[in-house]
Each structure stands twice: as structure tokens, then as C-alpha cells.
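Each remark here refers to the structure printed beneath this line.
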Amino acid sequence: MRDIRVLVVDDSTVFRKIIRDALSGIPGVDVIGHAENGVLATKMIQELQPDLVTLDIEMPEKNGMKVLQECREKCIRTRAIVVSSLSKSSHQSTMAALGLGAFDFVLKPSGESIEENATLLRKELEPRIKVLRVACQSNNLAGTDRTKPQIVEPKPQPFCGIPEIVVIGTSTGGPVALGKLLPMLGELPVPVLIVQHMPAGFTRTLAEDLNKKCDLEVAEAHGGEQLRPGLCLIAPGGRHMKVVRTGSGVFTRVTDDPPVLSCRPSVDYMFQSVSEAFGSSILAVILTGMGDDGSRSLNAMHAQGVNVIAQDEASCTVFGMPRQVIEQGNADHVLPLDKIANTVRKIIVPRGVMACNI
Numbered sequence: 000m001r002d003i004r005v006l007v008v009d010d011s012t013v014f015r016k017i018i019r020d021a022l023s024g025i026p027g028v029d030v031i032g033h034a035e036n037g038v039l040a041t042k043m044i045q046e047l048q049p050d051l052v053t054l055d056i057e058m059p060e061k062n063g064m065k066v067l068q069e070c071r072e073k074c075i076r077t078r079a080i081v082v083s084s085l086s087k088s089s090h091q092s093t094m095a096a097l098g099l100g101a102f103d104f105v106l107k108p109s110g111e112s113i114e115e116n117a118t119l120l121r122k123e124l125e126p127r128i129k130v131l132r133v134a135c136q137s138n139n140l141a142g143t144d145r146t147k148p149q150i151v152e153p154k155p156q157p158f159c160g161i162p163e164i165v166v167i168g169t170s171t172g173g174p175v176a177l178g179k180l181l182p183m184l185g186e187l188p189v190p191v192l193i194v195q196h197m198p199a200g201f202t203r204t205l206a207e208d209l210n211k212k213c214d215l216e217v218a219e220a221h222g223g224e225q226l227r228p229g230l231c232l233i234a235p236g237g238r239h240m241k242v243v244r245t246g247s248g249v250f251t252r253v254t255d256d257p258p259v260l261s262c263r264p265s266v267d268y269m270f271q272s273v274s275e276a277f278g279s280s281i282l283a284v285i286l287t288g289m290g291d292d293g294s295r296s297l298n299a300m301h302a303q304g305v306n307v308i309a310q311d312e313a314s315c316t317v318f319g320m321p322r323q324v325i326e327q328g329n330a331d332h333v334l335p336l337d338k339i340a341n342t343v344r345k346i347i348v349p350r351g352v353m354a355c356n357i
């Protein structure tokens with residue numbers, strides 16, 4: 000497998016060194032150059048045609064957004080990973096960059112030395128670059144390997160009636176996928192819960208952006224919200240979300256429990272609590288993402304009668320999380336992204352009224 004060719008773009012001399020040092024410790028990476036502003040970045044992207052650009056958003060002369068826009072307009076297929084700061088303006092710009100086609104984003108580390116920051120950044124970049132390196136061989140981002148997913152027929156399951164809640168798990172590519180899926184759902188007579196792997200701060204911006212586009216009321220969960228029809232809550236970045244049933248309804252809880260297999264928020268963590276509160280009256284949706292978060296909980300939930308939809312390979316940014324569910328035989332429907340909303344509505348909307356159990 001050939002090395003992945005990377006161009007580093009950042010206006011900070013210090014961060015260019017941190018990024019280069021981080022990349023130098025990742026097998027199969029060839030750093031072919033660097034640019035300190037967007038004007039030079041655009042020129043070098045066209046000349047060098049890198050496989051990947053690590054892209055700062057806030058730069059003089061031409062920002063990272065304009066670089067992405069020009070690449071899109073000129074049909075340049077270079078992938079980009081945004082290296083973002085923690086400022087609120089960066090949250091908004093990063094979400095917009097994902098909408099313009101950036102593959103993913105990582106946070107600029109805030110360690111005490113260049114060496115520490117390079118190590119922290121390497122841990123974030125390495126799994127993403129592993130996916131991209133394989134994708135460069137096949138010119139396809141869907142999947143973490145070149146093998147076709149093993150198609151497994153769904154396991155037989157009991158019919159458990161119409162679901163009382165929709166739960167969604169996603170990671171890499173999720174913000175764009177959610178931006179397409181949620182508006183298509185329209186109004187739903189059930190609540191919706193989402194885990195999107197993200198750091199703190201970014202999920203609030205994501206929720207605000209989605210709320211402007213949807214008939215659903217979309218918000219970042221803070222804990223204590225009572226689930227109700229038409230309310231869509233997103234787990235806060237860097238924290239877990241679960242639900243608990245009390246005598247007066249079902250409520251969210253936000254916790255700082257340890258990461259589940261390196262994930263916080265965790266899809267498995269949220270799914271497990273929803274299973275305890277709702278039994279099998281659940282519709283679960285697994286969208287694009289790296290890894291296998293969600294597959295463990297769904298293995299038990301599907302056996303109990305939970306209906307499961309998995310996004311298909313062709314429409315995924317990364318076909319990791321859906322692949323695991325499909326290959327375990329736990330996907331009742333494997334669908335392209337633009338077909339999922341219609342299937343959700345067919346399963347949910349016929350009930351016409353909200354379940355009295357919520």
C-alpha cells in the first residue's frame with residue numbers, strides 16, 4: 000500500500016511543526032509540503048495534488064472555508080481534515096467546513112510542549128488517516144477496508160409493535176448525514192435521541208444548525224429533559240447521555256461516566272439505557288462512522304425485537320459502524336441515506352398518537 004501524501008496548511012509556525020511532528024510518527028504518511036495561508040494552499044493543492052490536507056480554518060488572505068469552496072468548485076478530490084480551535088466561531092466554521100466536504104475534524108491540542116501536543120494530535124489523526132489511506136487505494140471513502148461487507152440476513156425477531164422512540168448513532172460523516180436525514184423526517188409523534196461523536200462545544204452548534212432546518216425541535220441535551228413527541232436531543236460533546244424512566248415520564252441524564260471503548264459520548268451507552276426504559280419499542284438507526292460503537296448493544300436489542308436501520312456503504316462517508324451491524328445480522332433494513340427517512344416514517348407515523356408510556 001502506497002504512502003498517503005499530506006499537505007499541512009496552518010498560519011501558525013508552531014502548529015505547522017506540531018502537525019508535521021504528529022504526522023511523522025504515523026506509518027504510511029508522506030508530508031509533501033506546508034502552506035501558511037489559503038492563497039498558497041490553493042496553489043499547492045492544484046500543483047501537488049495531495050491525498051490529504053490538514054486545514055486550519057482561520058487564516059489571513061484566504062481562510063480555510065474559501066480553500067474548500069474553491070476545491071469543490073474545481074472538482075479537486077483532495078480530502079481535508081480540519082484542525083480546529085475551541086472558539087465558538089471555530090465551532091461554526093468547522094460545521095460549515097464539513098458541509099463543504101471536509102472529511103472530519105480534530106481539535107488543536109493544548110498541552111504544555113510541542114512534543115506533548117504532537118503526541119496528542121497523532122492519537123486523533125492516526126485512525127482517520129488509516130481510513131483515508133485505504134480509501135486512496137480504491138478512490139472510495141466508504142469503508143475501512145477493501146473487502147465487501149458480508150451480507151447477513153437479519154436474525155428472526157418477534158414483532159413488538161410500533162416503536163415509541165427513534166435512536167440514532169453516528170460518527171465520521173454524521174453532521175452532514177444528519178443535516179440531510181432530519182429535515183426529511185418531518186414531524187414525528189415520538190422523541191428522537193442522537194449520539195454523534197464530537198468534542199465539547201461542537202454539538203451545541205450542530206443542534207442549533209439542525210433546529211433551523213427541521214420540523215423536529217432539535218437541541219443539545221443538558222440533562223433533565225422529559226422526552227416528548229417531536230423533541231430531538233443530541234448528546235453533548237464529550238459527555239454521555241442516557242435516559243431513565245420515573246413515575247412521571249422518561250427523562251435524560253447527562254453523565255461523566257468513563258468512556259465506553261474510548262467513546263464519550265457513546266452510542267452503546269445511550270442505546271443500553273433506552274433499551275432499559277423502552278424494552279423493544281425502539282427504532283434504531285446506525286449511520287456513517289468509524290469503528291463499531293453501537294454494535295454491541297444492538298446485538299442484544301435486535302434479539303429482543305428492536306427494529307434496526309443501517310446506512311448502506313455507497314452513501315456512507317466511512318462504512319464502519321453500519322458494517323458491523325450488518326455483518327452481525329442485526330440490520331432489518333440497509334438503505335442509502337436518502338431512503339432512510341421515508342422508511343422511518345413508514346414504521347413510526349402509522350401509530351398516529353404518542354404512546355402513553357412516555
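Using numbering that gives the first Met the number 0, you'd call the opening residue of the sequence shown number 0 and step up by one each time. Cβ coordinates follow ideal geometry from the N, Cα and C atoms, glycine included.
Item	Value
Any 3 or more C-beta pairs closer than 8 Å across the segment 296-304 and the segment 313-333	yes
Completely contained alpha helix (DSSP H) runs for the segment 163-227, where each covers 4 or more residues	173-184 and 201-212
Residues near S265 by beta carbon distance below 8 Å, same chain, minus five either side	V194, H239, P258, V259 and D292
Rounded straight-line distance, which links the Cα of M289 to that of V317	6 Å
Cα-Cα separation between L336 and G173, rounded to whole angstroms	11 Å
First and last residue of the uninterrupted beta strand (DSSP E) at L230	L230 to I233
Nearest to L286 (by Cα), restricted to the options L192, L131, E60 and Q310	Q310
Residue range of the alpha helix (DSSP H) that includes I17	T12 to S23
C-beta contact flag for V165 and L187 at 8 Å	yes
C-beta contact flag for I167 and V189 at 8 Å	no
Limits of the unbroken alpha helix (DSSP H) element including R244	Here R244 belongs to no alpha helix (DSSP H); instead the beta strand (DSSP E) covers H239 to T245.
Per-residue burial, R145 [other beta carbons within 10 Å of its own, 16 or more giving buried]	Since pLDDT at R145 reaches only 44, below the 50 mark, its modelled position is unreliable, and the value read off the structure follows with that caveat. Looking at its Cβ environment, which holds fewer than 16 other Cβ atoms inside 10 Å, R145 is exposed.
Runs of alpha helix (DSSP H) lying entirely within the segment 42-74, each at least 4 residues, in chain order	63-72
The segment 50-60 / the segment 73-85 touching (three or more Cβ pairs under 8 Å)	yes
Pairwise C-alpha distance: S83 and G110	15 Å
Identity of the residues DSSP links to T287 by a beta bridge	The partner list for T287 (beta bridge, DSSP) is empty, contrary to what the question assumes.
Nearest to F338 (by Cα), restricted to the options G248, L184 and S280	Here residue 338 turns out to be Lys, not Phe, going by the sequence shown. Closest option to K338, Cα to Cα, is L184.
Beta carbon proximity, M320 to chain B, threshold 8 Å	Of the protein chains in this structure there is only one, and it is not chain B.
Assigned secondary structure, A101 (DSSP; H/G/I helix, E/B strand, else coil)	coil
Cut-off 6 Å between Cβ atoms - residues of its own chain near E35, not counting five sequence neighbours on either side	D10
Boundaries of the beta strand (DSSP E) in which R4 is found, first to last residue	I3 to V8
Assigned exposure category for I56 - 16 Cβ within 10 Å defines buried	buried
Burial state of D256 (16 or more Cβ within 10 Å)	exposed
Under 8 Å between C-beta atoms of A199 and A218	no
Range of the contiguous beta strand (DSSP E) that encloses T316	Unbroken run through T316: none, as it is neither H nor E.
Distance between S89 and I17 (C-alpha atoms, nearest Å)	19 Å
Separation of T12 from V284, as counted between CA atoms	43 Å
Close-in-space but distant-in-sequence residues of the same chain around N341 (CB under 8 Å, 5 per side omitted)	M183
Sufficient close CB pairs (3 or more, under 8 Å) joining the segment 273-283 to the segment 240-247	yes
Among V66, I113 and G319, nearest to K42 - alpha-carbon criterion	V66
A302 versus S314, E60 and S279, residue with shortest Cα-Cα distance	S279
Residue range of the alpha helix (DSSP H) that includes T342	L336 to I347
V7 vs D29 beta-carbon contact at 8 Å	no
Assigned secondary structure, Q310 (DSSP; H/G/I helix, E/B strand, else coil)	strand
Nonlocal neighbours in the same chain, by C-beta distance under 6 Å from Q225, ignoring five residues either side	G248 and F250
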